[in-house]
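Numbering (my numbering), first residue to last: 47 to 328. Glycine is no exception: its CB is placed at the ideal position from the N, C-alpha and C atoms. One structure is given here, and the rest of the page talks about it.
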Amino acid sequence: MICLDNIQQLRQQIRTWRQQGLTIAMVPTMGNLHQGHLHLVTSALARADKVVVSIFVNPMQFGVNEDLDAYPRTLSADTQALTAVGADLLFTPQVSTMYPRGLAAQTVVDVPGISEAWCGASRPGHFRGVATVVAKLFNLVQPDIALFGNKDYQQLQVIKTMVADLCLPIEIVGINTQRAESGLALSSRNGYLTAEQMQLAPQLKQGLDKLEQAVIQGLDIDNAIANTLQQWQALGFKPDYLAVCNASNLRPAEPTDKHLVILAAAYLGKTRLIDNLEFTRD
Ligand code: PAF
Numbered sequence: 047m048i049c050l051d052n053i054q055q056l057r058q059q060i061r062t063w064r065q066q067g068l069t070i071a072m073v074p075t076m077g078n079l080h081q082g083h084l085h086l087v088t089s090a091l092a093r094a095d096k097v098v099v100s101i102f103v104n105p106m107q108f109g110v111n112e113d114l115d116a117y118p119r120t121l122s123a124d125t126q127a128l129t130a131v132g133a134d135l136l137f138t139p140q141v142s143t144m145y146p147r148g149l150a151a152q153t154v155v156d157v158p159g160i161s162e163a164w165c166g167a168s169r170p171g172h173f174r175g176v177a178t179v180v181a182k183l184f185n186l187v188q189p190d191i192a193l194f195g196n197k198d199y200q201q202l203q204v205i206k207t208m209v210a211d212l213c214l215p216i217e218i219v220g221i222n223t224q225r226a227e228s229g230l231a232l233s234s235r236n237g238y239l240t241a242e243q244m245q246l247a248p249q250l251k252q253g254l255d256k257l258e259q260a261v262i263q264g265l266d267i268d269n270a271i272a273n274t275l276q277q278w279q280a281l282g283f284k285p286d287y288l289a290v291c292n293a294s295n296l297r298p299a300e301p302t303d304k305h306l307v308i309l310a311a312a313y314l315g316k317t318r319l320i321d322n323l324e325f326t327r328d
């Protein structure tokens, strides 16, 4: 696997592949890779000739009181894992490479509407940081296709909207959330959980499953949401939000909406977990 932290060398390698007529897939990450990330890479390998993975803990998408400094940096294990699955190139830029004029001076990408509610409301500026860094990474790598986990459902919709709005010729593919046997969605932040919290964490997904059934049975959505929130609180979660939404525009579901997604975020101790469940009803 080619490892680069330099934009010029990255562009040169991309040019060489393009001259050879090869297609390129990209998997942007912040590192601390788990099976979910590696599944994105293997899915990418099946869809393009070359796969570029980026690891960049993007300061622009972290709020002032968030875990930027604590965010796990595990480059050597990540490099080994990516080599083992067969990624072709790992790009690991420094903050000064991505933001040479500093964060405050950086031109930004805002995606209005879809980025405003849910995680966007709880984490002001988060999706601006995500959209900005992903737009920059796309401009550097110019992939044909880019793959993201469905676990960050709102992020995926924000990126799809940005790509459509900016007319970027990139296919954005969402890949199914990878879960532990317990049902817990794999996430780099699961590493913050204590052993006791790890036992509780799968209840988040169990709450989503029950809520999905209630919605499919036609029960009152507001009541069903209130029940789920109550159960989570009784277990020790501090819910941030829980909503049943139209899967495309992420607005609260209307009675006529068929394609739905349940979006949820909740704290266990200091760890903020997110999860979602996409489904259809008749
Ligand atoms: O999902 C992530 O890991 C990040 O938000 C992303 C898409 C790599 C942008 O920094």
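Here's a check: name, in chain order, each residue in its chain whose Cβ is nearer than 8 Å to the Cβ of Q201, leaving out the five neighbours to either side. C165, F173, V176, F194
Taking C-alpha atoms, which residue in L86, P105, M106 lies nearest to V98? L86
Roughly how many angstroms separate the alpha carbons of A71 and F102, rounded to a whole number? 17 Å
Taking 8 Å as the cut-off, decide whether the C-beta atoms of V157 and M106 are in contact. No, the Cβ-Cβ distance between V157 and M106 is not below 8 Å.
Around the C-beta of I262, are 16 or more other C-beta atoms found within 10 angstroms, so that it is buried, or is it exposed? exposed
Is it buried or exposed for R318, if we count other Cβ within 10 angstroms and need 16 for buried? buried
For ligand 1, is there any heavy atom lying closer than 7 Å to the beta carbon of P74? yes
Skipping 5 residues on each side, what residues in its chain have a beta carbon closer than 7 Å to that of L84? A127, V131
Restricting to Cα atoms, I'd like to know which of E324, H305, R235 is closest to G315. R235
Taking 7 Å as the cut-off, is the CB of D113 close to at least one heavy atom of ligand 1? no
Take every Cβ of the stretch 206-220, pair it with every Cβ of the stretch 180-188, and state whether three or more of those distances are shorter than 8 Å. Under the Cβ criterion (8 Å, minimum of three pairs), the stretch 206-220 counts as touching the stretch 180-188.
Would you tell me roughly how many angstroms separate the C-alpha atoms of Q252 and G229, rounded to the nearest one? Cα to Cα, the separation comes out at about 8 Å.
Boundaries of the alpha helix (DSSP H) in which Y199 is found, first to last residue: Element bounds for Y199: 199-211.
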